[in-house]
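Number of protein chains: 2
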Amino acid sequence: MAANSSASTDVENREWYVASYAPTGVPNSEHLKLRTVSLSLRADSIPDGHVTFQVLYVSIDPYVRTQLSGLDDGLSFPQIPLGQVITALGMGKVIQSKDAKFSEGDIVLSRICPVSEFGVMPSNLLQKITPAIGIALPNYLSCLGMPGITAWVGIGKIGNAKAGSNVYISAAAGGVGIIAGQLAKVKGCRVVGSVGSDDKVKLLKEECGYDDAFNYRVETDYDAALTKYFPNGIDVYFDNVGGKMLEVVLNHVNHGARIALCGMISEYNKVWKEREGVRNLLNIVGKEVMMKGFMVSSYYNHYEEFIKEMGVYLKEGKINSKHKIYNGIESFLESLASLFSSSNVGKVILQLTP
Amino acid sequence: MAANSSASTDVENREWYVASYAPTGVPNSEHLKLRTVSLSLRADSIPDGHVTFQVLYVSIDPYVRTQLSGLDDGLSFPQIPLGQVITALGMGKVIQSKDAKFSEGDIVLSRICPVSEFGVMPSNLLQKITPAIGIALPNYLSCLGMPGITAWVGIGKIGNAKAGSNVYISAAAGGVGIIAGQLAKVKGCRVVGSVGSDDKVKLLKEECGYDDAFNYRVETDYDAALTKYFPNGIDVYFDNVGGKMLEVVLNHVNHGARIALCGMISEYNKVWKEREGVRNLLNIVGKEVMMKGFMVSSYYNHYEEFIKEMGVYLKEGKINSKHKIYNGIESFLESLASLFSSSNVGKVILQLTP
């Protein structure tokens, strides 16, 4: 249902919920369903300390898939209970507020925004942002938001990438990877990425400053590919995919290499015992590799430092942000599935309000 | 051949050499052979800057096995060339010296001591030690030597074990593990170890202060064992075995756990593609685990700090050193094989001179 501009009445609110879990495979319309619920936006029906908002954008990220399996073997995010609305990082525009810190028209972010057209939430779960002039709102869900700081943490805080480092990034045209590679270039690294389509190879090399890139669906002998693209070995690996690629990387790391484990999208659609086993962890000993997993939420205390640095890069045109926008609440399922098919380029975002 | 006490003549020197590589399995008498070679100990036949010595003890450590496979898929130690004498950490007594810094009777250590009865080496590859009163020489190959600093690095520098940490140690009655657990106890941790015999379980609990220990050959359901012994999860894992146990541990780690990868003895007798694949590395992401491999040689700059600390613990009786001594050069093969059969307790040492 379209937004009601006065927004002081009830609305028919469409929202995605979990009808059944998908332990394996890509979740589809049997698992995730759209329903319409009545939501009161009248001031007298909103509790104190709450805010109602119209959802503008929802960030579509691989980790969400791990909350839809019904299993406890993925990332450590809680499973979304059956029947409940799916939540994700999202951005909204305040309709009414029962908290003096928020006013009608404010732009707010929430890490547990409902995938719906409207929302009512306690204000302490919302963060107000003041968009800078000339910066389109979706950037606050990409380079200036969660994917941006994720890339920044993995390349800098964990990967410790320095001038001259040989940096490898998998899922390099994804929401995080595309920024990670550009950040590594800013630091003077040699950067190569792997992606799932030739178009993405072109994009990384021509628009994102990557030194090289390859399509892992074409160059399926990963060992040969890494031999070719990293003649001097790998110093930093920003891992977004896990599995087989991680194993091959461990045969190409240099002494003292650092591996930032950001996510393992190749493994999310399988139960853990079916996941790809990595057989060569002994290389971590002999080459004294440091491998560290991270959840960006643990690094938000660095947000000011991040945003200051990233702001400069954006201003100087050193970071090229790419968004793949899906339109309308109906497109959620398609946008989520796109993460697993290499069909998206850059940050996948669902736009709910034209 | 017994040592010649005047030692100024030629000797018939027995030494172990690599006859053929053992890519899989435990190396045996087809791969490693004993031969007798004439060695001149006459002063006029020793080059300047060299020292001759009688070998007293050789440290028998799992890493040596990775130098006997003929493959480059183990630790990063070089393969010992076919036909050449095997080298290891060893201790000797100087017979003659053509370096003013060494004198007859000095006790010396070398990280590439030949597994032989006598040796001639450049003096810069030898380290002179002055044994403290009351400290038996084998301690300089265990708690005060390489295994000691290895344990100290893994528990402290990498594992960052602190009072209250739940610490798990595999191969816990081995040369490194037995010291690692005691160091963790000194720091106030709760320590549980896994070993391959009931005798070792008893030893760890009764003589080494471990809070608990289990026999992995009896409690073969590792998941059930770790559930039982770590009801509050694992904060620090000192890994000496790799493979299946590492995988199970990753299902029991707490958020922010630290894993020191010291070695992977369960995997040394297989080529890498036959090694156990670890399928649940995704837990490293969700639980923000730090996993770091290390080679103790990179930490010798901390030797003074280590020896000062360890010296105090030994003096205060907080570290109980255990040695399994094999006697005579003929016993080398048996002592090496014992590392893979759970038949040794504590540091395995080959004694060459009665």
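Respectively, the protein sequence lines represent chains A and B. Using UniProt numbering, read the first sequence as starting at 1 and increasing by one per residue. Using UniProt numbering, read the second sequence as starting at 1 and increasing by one per residue. Cβ coordinates follow ideal geometry from the N, Cα and C atoms, glycine included. All of these numbers come straight from a predicted model, not from anything done at the bench.
Candidates Y17/B, V192/B, Q54/B, E30/B: closest to V11/B by CA position:
Q54/B
What residues from the stretch 166-200 of chain A come within 8 angstroms of chain B, judged by C-beta to C-beta, listed N to C?
none
For R258/B, count neighbouring Cβ atoms within 10 angstroms of its own Cβ and tell me buried if that reaches 16, exposed if not.
buried
I178/A, enclosing alpha helix (DSSP H) - first and last residue
177-186
Per DSSP, what are the beta-bridge partners of D10/A in this structure?
S40/A
Can you tell me where the beta strand (DSSP E) with I349/A in it begins and where it stops?
347-351
For the stretch 9-27 of chain B against the stretch 196-209 of chain A, are there 3 or more C-beta pairs whose distance is under 8 angstroms?
no
Please determine, among D212/B, H50/B, E288/B, W16/B, the residue with the shortest C-alpha to C-alpha distance to P27/B.
W16/B
Beta-ladder partner(s) of P122/A, from DSSP:
H50/A
Examine chain A for any beta-carbon lying closer than 9 angstroms to the beta-carbon of residue 365/B, and answer yes or no.
In the structure as shown, chain B begins at 1 and stops at 354. Residue 365/B is therefore absent and cannot be evaluated.
Over what stretch of residues does the beta strand (DSSP E) that includes N215/B continue unbroken?
212-215
Considering just the uninterrupted stretch of the alpha helix (DSSP H) at G148/A, what are its terminal residues?
146-152
Bridge partners - F238/B, DSSP secondary structure assignment:
I169/B, A260/B
Can you tell me which of L56/A, V51/A, L137/A, S69/A puts its alpha carbon nearest to the alpha carbon of I95/A?
V51/A
Cβ of I275/B within 9 angstroms of any chain A Cβ
Looking at the sequence shown, residue 275/B is not Ile but Arg. True, the Cβ-Cβ gap to chain A drops below 9 angstroms.
Whose Cβ in chain B lies nearer than 8 angstroms to the Cβ of K287/A?
S76, G293
Segments of 3+ residues assigned as beta strand (DSSP E) that fall wholly inside the stretch 296-336 of chain A
323-327
Is the Cβ of N232/A closer than 9 angstroms to any Cβ of chain B?
no
How about I349/A and I329/A: are their beta carbons less than 9 angstroms apart?
no
For G164/A, which residues from the same chain have a beta carbon less than 8 angstroms from its beta carbon, with the 5 sequence-adjacent residues on both sides left out?
G188, C189, R190
Output, in chain order, the set of chain A residues within a Cβ distance shorter than 8 angstroms of N280/B.
D73, W272, R275
Provide the residue(s) that pair with K292/B in DSSP beta bridges, ordered along the chain.
M290/A, A260/B
Exposure label - H252/A; buried when at least 16 CB within 10 Å:
buried
Considering only the alpha carbon of each residue, which of L75/A, K101/A, L144/A lies closest to I265/A?
L75/A
Compute the Euclidean distance between the alpha carbons of W152/A and S116/B, then round it to the nearest angstrom.
54 angstroms
At the 9 angstroms Cβ level, is H255/A part of the contact set with chain B, yes or no?
yes
Just checking: is the beta-carbon of N283/B within a distance shorter than 9 angstroms of some beta-carbon in chain A?
yes
Going by DSSP, which residues form a beta bridge with W16/B?
L34/B
Could you have a look at I129/A and say whether DSSP puts it in helix, strand or coil?
strand
Quick check: R110/B and S103/B, are their CB atoms within less than 9 angstroms of each other?
Here residue 110/B turns out to be Ser, not Arg, going by the sequence shown. Contact: no.
Please state the DSSP three-state secondary structure of N283/A.
helix
DSSP state of P354/B, grouped into three classes?
coil
At the 9 angstroms Cβ level, is E30/B part of the contact set with chain A, yes or no?
no
Determine, using beta carbons only, whether S335/A comes closer than 9 angstroms to chain B.
no
Step through the CB atoms of chain A and report whether any lies within less than 9 angstroms of the CB of S298/B.
yes
Quick check on G90/B: does DSSP put it in helix, strand or coil?
strand
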